[in-house]
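Report on the structure given below.
Protein chains: 2
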Amino acid sequence: MALPQKHFKRGSTKPDLPEDGVLRYFSMAFCPFSQRVHLLLAAKNIPHHKIYVDLIEKPEWYKDYSPLGKVPALQLTAVEDQPTLVESLIIAEYLDQQYPQPRLFPTDPLQKALDKILIERFAPVVSAVYPVLTCNANAPPDALQKFEKALDVFETELIKRGTPFFAGQTIGIVDYMIWPWFERFPIMKLNTKQKYELDVKRFEKLLKWRDLVAQDGAVQKTALDVQLHAEFQKSKTVGNPQYDIAFKGKL
Amino acid sequence: MALPQKHFKRGSTKPDLPEDGVLRYFSMAFCPFSQRVHLLLAAKNIPHHKIYVDLIEKPEWYKDYSPLGKVPALQLTAVEDQPTLVESLIIAEYLDQQYPQPRLFPTDPLQKALDKILIERFAPVVSAVYPVLTCNANAPPDALQKFEKALDVFETELIKRGTPFFAGQTIGIVDYMIWPWFERFPIMKLNTKQKYELDVKRFEKLLKWRDLVAQDGAVQKTALDVQLHAEFQKSKTVGNPQYDIAFKGKL
Numbered sequence: 011m012a013l014p015q016k017h018f019k020r021g022s023t024k025p026d027l028p029e030d031g032v033l034r035y036f037s038m039a040f041c042p043f044s045q046r047v048h049l050l051l052a053a054k055n056i057p058h059h060k061i062y063v064d065l066i067e068k069p070e071w072y073k074d075y076s077p078l079g080k081v082p083a084l085q086l087t088a089v090e091d092q093p094t095l096v097e098s099l100i101i102a103e104y105l106d107q108q109y110p111q112p113r114l115f116p117t118d119p120l121q122k123a124l125d126k127i128l129i130e131r132f133a134p135v136v137s138a139v140y141p142v143l144t145c146n147a148n149a150p151p152d153a154l155q156k157f158e159k160a161l162d163v164f165e166t167e168l169i170k171r172g173t174p175f176f177a178g179q180t181i182g183i184v185d186y187m188i189w190p191w192f193e194r195f196p197i198m199k200l201n202t203k204q205k206y207e208l209d210v211k212r213f214e215k216l217l218k219w220r221d222l223v224a225q226d227g228a229v230q231k232t233a234l235d236v237q238l239h240a241e242f243q244k245s246k247t248v249g250n251p252q253y254d255i256a257f258k259g260k261l
Numbered sequence: 011m012a013l014p015q016k017h018f019k020r021g022s023t024k025p026d027l028p029e030d031g032v033l034r035y036f037s038m039a040f041c042p043f044s045q046r047v048h049l050l051l052a053a054k055n056i057p058h059h060k061i062y063v064d065l066i067e068k069p070e071w072y073k074d075y076s077p078l079g080k081v082p083a084l085q086l087t088a089v090e091d092q093p094t095l096v097e098s099l100i101i102a103e104y105l106d107q108q109y110p111q112p113r114l115f116p117t118d119p120l121q122k123a124l125d126k127i128l129i130e131r132f133a134p135v136v137s138a139v140y141p142v143l144t145c146n147a148n149a150p151p152d153a154l155q156k157f158e159k160a161l162d163v164f165e166t167e168l169i170k171r172g173t174p175f176f177a178g179q180t181i182g183i184v185d186y187m188i189w190p191w192f193e194r195f196p197i198m199k200l201n202t203k204q205k206y207e208l209d210v211k212r213f214e215k216l217l218k219w220r221d222l223v224a225q226d227g228a229v230q231k232t233a234l235d236v237q238l239h240a241e242f243q244k245s246k247t248v249g250n251p252q253y254d255i256a257f258k259g260k261l
């Protein structure tokens, strides 16, 4: 799996990927939605090739894999016609069915629906925090309040469920699907004037959950340092995203 | 099931719904996402109470069912804690698992993932056509071109699948999930200056598919007349949506 470890750009030659039946995972190293898929690949120990894509200067050939140019994408090379899946949650569900060890989605249809709805409820958290995380100077002044209000839903839900993980005694799909943003929230301590951190009282359960999830093997395997996340966001804010800093010291 | 047949408004009393274990379907009569759920309820002949909600002047009590105030919502009254499901596609998948006759989602995990991705590909169709459908005077001049380009994906896919329905020889989940907008497209013939209609050559397969789907029992059961759709859109455009005209002649 000695593929190029850099983000492919516009004008790049389409990589000559081996026809070995191994999954092809298309990603951008700092993309939280891509990390969702990466977490499942890691948790289930699924062999895969990683192909990184520059999202600003997209390689022309990438639309052959993902027609709308989105990441993450996962090409199933061992299947007829070698289809490429997109949408992180759809990919996650497919992987969970094809590689059931460990099972991450609930098997009960109702709990599965409720967990998917809870994952959807994370969208307002993401949209509220996005301008703050990305150091946008035009972030609405009430962005952090909106973010906290949206996050309250998850604190309340953890209390209601009464378990260390959203999935129960062990980690599961809700935990993995919302994790990537928790890895990025500490950027705010570095990048905001008020050195923002989650309130230890208001988010007591969620902060315990965060510390617990941080110890998970797949989480550790896919993690990037908060300094790197912060550096990337700064480069993105000035319009020159430095995707390849993800590999600092690794190239 | 003799519930009030009008849209509940702000200030309304929370309806005293019977505790009979029957599903409660919360909807707005002209909402295409609500119709998705209605189509499944009809196709599977699932008993349900219909409760209509005014989306501009939302009843205060509605957040007890749908915390974000969204429709459609489906309350499962026969289940412990009587949870309410939201998000049309999540509700559809739940109903398909609980009421498998007729089965509408593919049972093969890959085909299921591909069908869900195809349903997601309908979002650009919806967002492009929305300003035209809603007679928005500020609709971008290239809205119809964008709409047609997004719709090409579905014409191409029908050709590729080579079957009368997206699901095969009989109607299935993709067909039902995209149908509500096809019921509304003919509004454009009535409401646009150029009396817009889908091009019979460019969308040959899709127009045949439309005529076929229009004959489906569930589609007929949930259908509203194009004149009513057009009238509703006009009322919405002037900022005074007339939800209850859905029941014209039926009240």
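Top to bottom, those sequences are chains A and B.
So the first sequence is numbered by the working numbering: it starts at 11 and just counts up by one.
So the second sequence is numbered by the working numbering: it starts at 11 and just counts up by one.
The C-beta atom is built at its ideal place from N, Cα and C for all residues, glycine as well.
- Going by DSSP, B/Val96 is part of the beta strand (DSSP E) stretching over Thr94 to Val96.
- 7 angstroms or more divides the Cβ of B/Val184 from the Cβ of B/Asp118.
- Pairing B/Thr232 with B/Ala52 gives a Cβ-Cβ distance under 7 angstroms.
- In the structure shown, the three-state DSSP call for B/His58 is strand.
- Legend: CB atoms of the stretch 48-63 of chain B lying less than 7 angstroms from CB atoms of chain A are not found in any residue.
- Between the stretch 95-114 of chain B and the stretch 143-163 of chain B, the count of C-beta pairs closer than 8 angstroms stays below three; the two stretches do not touch.
- If you check the CB distance, B/Ile181 and B/Lys215 do not come in under 7 angstroms.
- The stretch 237-256 of chain A and the stretch 138-152 of chain A touch, with no fewer than 3 CB-CB distances between them shorter than 8 angstroms.
- Short of 8 angstroms from the beta carbon of B/Leu49, and not among the five residues preceding or following it, lie these beta carbons of its own chain, in chain order: Tyr186, Trp189, Pro190, Ala228, Val229 and Thr232.
- Checking the DSSP bridge columns, you'll see A/Ala83 partnered with A/Phe36 and A/Val96.
- Residue pairing of A/Val63 in beta bridges, as defined by DSSP: A/Phe18.
- CA-to-CA, the gap between B/Pro196 and B/Arg220 works out to about 11 angstroms.
- Taking every protein chain shown into account, the CB of A/Gln85 has 16 or more other CB atoms within 10 angstroms, so this residue is buried.
- Those residues of the stretch 96-113 of chain B placed with their C-beta closer than 8 angstroms to a C-beta in chain A are Val96, Glu97, Ile100, Ile101, Glu103, Tyr104, Gln107 and Gln108, ordered along the chain.
- Around the beta carbon of B/Ile66, a 10 Å sphere encloses fewer than 16 other beta carbons of the protein chains shown; the residue is thus reported as exposed.
- Here DSSP, grouped into helix, strand and coil, assigns B/Gly227 to helix.
- Residue state for A/Phe175 is assigned as strand, using DSSP reduced to three classes.
- Interface criterion met: the Cβ of A/Ala123 is under 7 angstroms from a Cβ in chain B.
- By the Cβ criterion, the stretch 20-35 of chain B is not in contact with the stretch 204-212 of chain B, since fewer than three pairs of Cβ atoms, one from each stretch, lie closer than 8 angstroms.
- According to the DSSP assignment, A/Ile188 belongs to the alpha helix (DSSP H) that extends over Ile183 to Arg194.
- Against A/Val184, chain B offers no close residue; the least beta-carbon distance is about 14 angstroms (beta-carbon pairs closer than 9 angstroms).
- In the assembly as shown, B/Thr94 is a buried residue. Its beta-carbon has 16 or more other beta-carbons within 10 Å.
- Selection A/Gln225, A/Leu154 and A/Leu222 evaluated against A/Lys205 yields A/Leu154 as nearest (Cα-Cα).
- Counting only Cβ-Cβ distances below 7 angstroms, A/Lys126 has contacts in chain B at Ile100, in chain order.
- Nearest C-alpha to A/Asp162 among A/Pro174, A/Pro134, A/Asp152 and A/Lys199: A/Pro134.
- Under the 7 angstroms criterion on CB atoms, B/Glu158 is classed as non-interfacial with respect to chain A.
- In summary, the residues of the stretch 159-181 of chain A whose CB is separated from some CB of chain B by less than 9 angstroms are Val163, in the order they occur in the chain.
- In this chain, the alpha helix (DSSP H) harbouring A/Pro141 covers Ala133 to Leu143.
- Among the residues of chain A, those whose CB is under 9 angstroms from the CB of B/Val89 are Leu120, following chain order.
- For A/Glu70, the closest of A/Phe115, A/Lys19 and A/Phe43 by C-alpha to C-alpha distance is A/Lys19.
- In this structure, DSSP gives A/Glu90 a state outside helix and strand, which the three-state scheme calls coil.
- CA-CA distance, A/Ala88 to B/Glu167, rounds to 22 angstroms.
- In the three-state reduction of the DSSP assignment, A/Phe242 falls in the helix class.
- Look at A/Arg220 here: in three-state DSSP terms it is helix.
- Comparing alpha carbon positions, the residue from A/Lys24, A/Ile56, A/Pro25 and A/Tyr75 closest to A/Leu33 is A/Ile56.
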